[in-house]
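**Student:** FYI, in this note's numbering the residues of the sequence shown are -5 to 118. Glycine included, every Cβ here is placed at the ideal spot set by N, Cα and C. As the structure is a prediction and not an experimental result, all values here were calculated from the model.
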Amino acid sequence: MINERITIRLPEEIIQKMDEIIKTRGYTNRSEYIRKLVMKDALEQEPQTQEVESDKTSRKITIEISSELYTFLFDRQSRGILHGSIEDYLSNIVEKAVRRALCEMEEEFRKERDILNRQDKVVI
-5 MINERITIRL PEEIIQKMDE IIKTRGYTNR SEYIRKLVMK DALEQEPQTQ
45 EVESDKTSRK ITIEISSELY TFLFDRQSRG ILHGSIEDYL SNIVEKAVRR
95 ALCEMEEEFR KERDILNRQD KVVI
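1) Measure the alpha-carbon distance for residue 20 versus residue -1 and round it to whole angstroms.
2) Take residue 83 as the anchor and find which of 32, 63, 6 has the nearest alpha-carbon.
3) So what's residue 48 in DSSP terms, helix, strand or just coil?
4) Along the chain, where does the alpha helix (DSSP H) that runs through residue 21 open and close?
5) Would residue 125 be called buried (16 or more neighbouring beta carbons within 10 Å of its own) or exposed?
6) Beta-carbon separation of residue 27 and residue 9 under 7 Å?
7) Return the first residue and the last residue of the alpha helix (DSSP H) that residue 4 is part of.
8) Please report the distance separating the alpha-carbon of residue 105 from that of residue 87.
9) Just checking my contact of residue 33 with residue 24 at CB under 8 Å: how many whole Å lie between their CB atoms?
10) Taking the CB atoms as reference points, tell me whether residue 80 and residue 67 lie closer together than 7 Å.
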């Protein structure tokens, strides 16, 4: 891909606000900030879907995320704040959520089993 140079004219107050945003959000320069804005706008035109593959028998989990979240993650990844791919990041989130849900289900199972065991021991 060849980068092409463009020139834009903006009112001074807009440039000052833009420079404040660039400084607070950690962009390296105006070009990077404007590139991100254009990318964000382009990404918002269609919904983003991420597929996270499972290791067992090629099962897939499809995660639909908003374009705002995808843009946020893409921005963090491109600035080096998010290490690895967006897919890896989402995969880790899903894995943690599934593990947490399984632990909760196991705890509920134990509680039910304990209740049933106590009921079996009641002598009338």
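**Tutor:** Quick answer:
1) 22 Å
2) Measuring C-alpha to C-alpha distances from residue 83 to each of 32, 63, 6 identifies 63 as the nearest.
3) Low confidence applies here, because residue 48 scores a pLDDT of 48, under 50, leaving its location unreliable and the question unanswered by this model.
4) Looking at the DSSP string, residue 21 is not in any alpha helix (DSSP H), and its letter there is neither H nor E.
5) Since the first residue of the chain shown is -5 and the last is 118, residue 125 is not available in this structure.
6) With respect to residue 9, residue 27 sits apart: the two C-beta atoms are not nearer than 7 Å.
7) From DSSP, residue 4 is part of no alpha helix (DSSP H); its letter is neither H nor E.
8) 27 Å
9) Going by Cβ atoms, the distance from residue 33 to residue 24 rounds to 15 Å, so no, they are not a contact pair.
10) yes
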